[in-house]
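**Student:** The numbers in full-length UniProt numbering rise by one with no breaks, and the one at position 122 of the sequence shown is 122.
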Amino acid sequence: MVVLVDHTGDPIGVQDKADVHGLSTPRHLAFSCHVVDERGRLLVTRRALEKRTWPGVWTNSFCGHPAPGETLEDAVRRRAAFELGLSVDHITCAIPDFAYVARDASGIEENEHCPVFIARATSSLTPNPAEVAQTQWTTAAELTSAIDSAPWAFSPWMVEHFPELAPHLAEHIAEAGLND
């Protein structure tokens with residue numbers, strides 16, 4: 001089940017996840033998370049080719065939908081473990097009011113109130129192949145350059161939120177005592 005929200009992100013109901021994504025998707029609650037490691041590097045992932053929406057594109061570390069009654073921080077921990085076999089801490093909501101609407105090549109629409117988080121990796125990666133085709137550790141500067149050069153290779157939500165996120169990444173890395 002996913003949480004349906006109004007234009008301000010306030011919950012207004014729930015709907016089965018399998019039924020919510022389609023040609024006319026109601027606004028629902030999601031999240032994106034960017035993971036940094038002990039060296040201050042940023043993890044990007046390439047979505048599995050089996051994914052229903054935006055298969056094969058590069059994106060933030062992982063995304064998900066909180067279950068009804070689940071906190072966003074708990075959902076971040078759950079999806080980190082499920083998608084990447086990863087434990088995380090220092091979870092920070094960097095962009096609480098991010099929302100977007102986008103349509104992929106198959107016609108499926110995303111319509112999400114999607115707070116953007118930053119978290120620190122505390123274990124090694126074991127990606128779930130049904131979710132993640134590839135992983136890459138990079139820097140914010142390298143990722144900015146790649147997005148600017150080839151935005152079509154990245155998820156639309158990351159292309160849209162990353163310019164606002166970049167300064168928060170630097171703060172998060174400094175506050176966590178990580179090397180950049």
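Where is the CB? At the ideal position from N, CA and C, for every residue including glycine.
#1: Using a 10 Å radius around the Cβ and a threshold of 16 neighbouring Cβ atoms, would you call Trp157 buried or exposed?
#2: Beta-carbon separation of Gln134 and Thr53 under 8 Å?
#3: My output table needs one value for Asp180: the three-state DSSP class, helix, strand or coil.
#4: State buried or exposed for Asn128, treating a residue as buried only when at least 16 other CB atoms are found within 10 Å of its CB.
#5: Between the C-alpha atoms of Arg39 and Pro26, what's the straight-line distance to the nearest angstrom?
#6: Between Phe31 and Cys63, how many whole angstroms is the CB-CB distance? I'm expecting something under 8 Å.
#7: Within 10 angstroms of the Cβ of Leu23, are there 16 or more other Cβ atoms? Answer buried if so, exposed if not.
#8: Going by the DSSP bridge assignment, what does Cys114 pair with across the sheet?
#9: Could you tell me which of Val101, Leu43, Thr71 sits nearest to Glu160, measuring between CA atoms?
**Tutor:** Working from what's here:
#1: For the purposes of this step, residue 157 is taken as the residue at position 157 of the sequence shown. With 16 or more Cβ atoms within 10 Å of its Cβ, Trp157 is classed as buried.
#2: The residue given as residue 134 occupies position 134 in the sequence shown. The residue given as residue 53 occupies position 53 in the sequence shown. At the C-beta level, Gln134 and Thr53 stay beyond 8 Å of one another.
#3: Reading the sequence shown from its first residue, position 180 is the one you call residue 180. Below a pLDDT of 50, predicted positions are generally treated as unreliable, and Asp180, at 45, falls in that range; the measurement from the model is reported next regardless. DSSP places Asp180 in coil when its eight states are reduced to three.
#4: Residue mapping note: residue 128 aligns to position 128 of the sequence shown, counting from 1. By the neighbour-count rule (16 or more Cβ atoms within 10 Å), Asn128 is not buried but exposed.
#5: Residue mapping note: residue 39 aligns to position 39 of the sequence shown, counting from 1. Residue mapping note: residue 26 aligns to position 26 of the sequence shown, counting from 1. Rounded to whole angstroms, Arg39 to Pro26 spans 39 Å at the Cα level.
#6: On the sequence shown, position 31 is the one that residue 31 refers to. On the sequence shown, position 63 is the one that residue 63 refers to. Yes, Phe31 and Cys63 are in contact; Cβ-Cβ is about 7 Å, under 8 Å.
#7: As a working note, residue 23 is residue 23 in the sequence shown. Exposed: under 16 other Cβ atoms inside 10 Å.
#8: Taking the first residue of the sequence shown as 1, we reach residue 114 at position 114. Cys114 is not bridged to any residue.
#9: The residue you call residue 160 lines up with position 160 of the sequence shown. Of Val101, Leu43, Thr71, the residue nearest in Cα terms is Val101.
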